[in-house]
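Protein chains in written order, with the numbering used here: chain A, -11 to 96; chain B, 3 to 115.
Structure (structure tokens):
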């Protein structure tokens, strides 16, 4: 069993829809990261959080430490949000343990 | 400020050859980590360097090695290339104070034929 599990693996949405991607982990962590990877490979770090909730524009990330679960929400989704979203956890080092990613496609 | 720069962007090598990839971190970032991404295994941690010392290592064979220079630039080397080494190699840099908050480069796509 992977230490970091994401769901769903694939997600399609119509422009404007509210999107939720889930991440569960089984190890103790110091922080959880949400990353975005566009075709071509470059990765952008969206959030790093260790408790509570963070918001950046249309993106919201939450984490529940007791339940070892995090969610990434996208409000008013747009085709440019189409990407692979990756959850990763770190344990007091720069070694990240990654989930398998969620491929999101938003259609106009 | 300039981001994390990886060179080259694309590389084709034949089995048995060796390859060196380069990563220039963000100015002021002293920690550099390397990751391998393949369709089958996803993203996996290779190693981390800080102040020219390897601080952390993933589960990869000894053919994978790296080093860091005094200006924090890092290189990774893969010797005796195998077809399965074909992957996107990503590096990420961070400050030591804010470990885990990494900035990624665009990656080097290595194809072994």
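Backbone N, C-alpha and C fix where the C-beta goes; we use that ideal spot for every residue, glycine too.
Keep in mind the model is a prediction, meaning the values are calculated, not measured.
Do residue j and residue i come within 8 Å of each other at the CB atom, strictly closer than that value?
i              : j              : result
residue 88(A)  : residue -6(A)  : yes
residue 77(A)  : residue 15(A)  : yes
residue 20(B)  : residue 90(B)  : no
residue -8(A)  : residue 86(A)  : yes
residue 17(B)  : residue 114(B) : yes
residue -4(A)  : residue 90(A)  : yes
residue 92(A)  : residue 20(A)  : no
residue 54(B)  : residue 29(B)  : no
residue 95(B)  : residue 10(B)  : no
residue 112(B) : residue 48(B)  : no
residue 13(A)  : residue 56(A)  : yes
residue 92(B)  : residue 39(B)  : yes
residue 65(A)  : residue 7(A)   : yes
residue 29(A)  : residue 109(B) : yes
residue 75(B)  : residue 25(B)  : yes
residue 39(A)  : residue 79(A)  : no
Does residue i have its Cβ less than 8 Å from a Cβ in chain A?
i             : result
residue 90(B) : yes
residue 50(B) : yes
residue 66(B) : no
Please list, in chain order, the chain B residues whose beta carbon lies closer than 9 Å to that of residue i.
i             : result
residue 89(A) : 44, 45
residue 74(A) : 44, 45
Of all the CB atoms in chain B, is at least one closer than 8 Å to the CB of residue i?
i             : result
residue 31(A) : yes
Using a Cβ cut-off of 7 Å, pull out every chain B residue sitting near residue i, in sequence order please.
i             : result
residue 84(A) : 47
If the cut is a Cβ gap below 8 Å, which residues of chain A does residue i touch?
i              : result
residue 106(B) : 23, 30, 31, 32, 33
Taking residue i as the reference, which of the options has the closest Cα?
i              : options                   : result
residue 102(A) : 92(A), 24(A), 7(A)        : The displayed coordinates of chain A run from -11 to 96. Any statement about residue 102(A) would go beyond what the structure contains.
residue 83(A)  : 61(B), 85(B), 71(B)       : 61(B)
residue 88(B)  : 28(B), 57(B), 66(B)       : 66(B)
residue 50(B)  : 108(B), 97(B), 86(B)      : 97(B)
residue 15(B)  : 6(B), 86(B), 104(B)       : 86(B)
residue 64(B)  : 78(B), 52(B), 7(B)        : 78(B)
residue 60(A)  : 73(A), 1(A), 17(A), 54(A) : 73(A)
residue 68(B)  : 23(B), 6(B), 105(B)       : 23(B)
residue 52(A)  : 1(A), 11(A), 2(A)         : 11(A)
Residue i touches chain A at which residues, Cβ-Cβ below 7 Å?
i              : result
residue 111(B) : 29
Query - the segment 42 to 61 of chain A contacting the segment 32 to 43 of chain B, beta-carbon criterion three pairs below 8 Å - result: no
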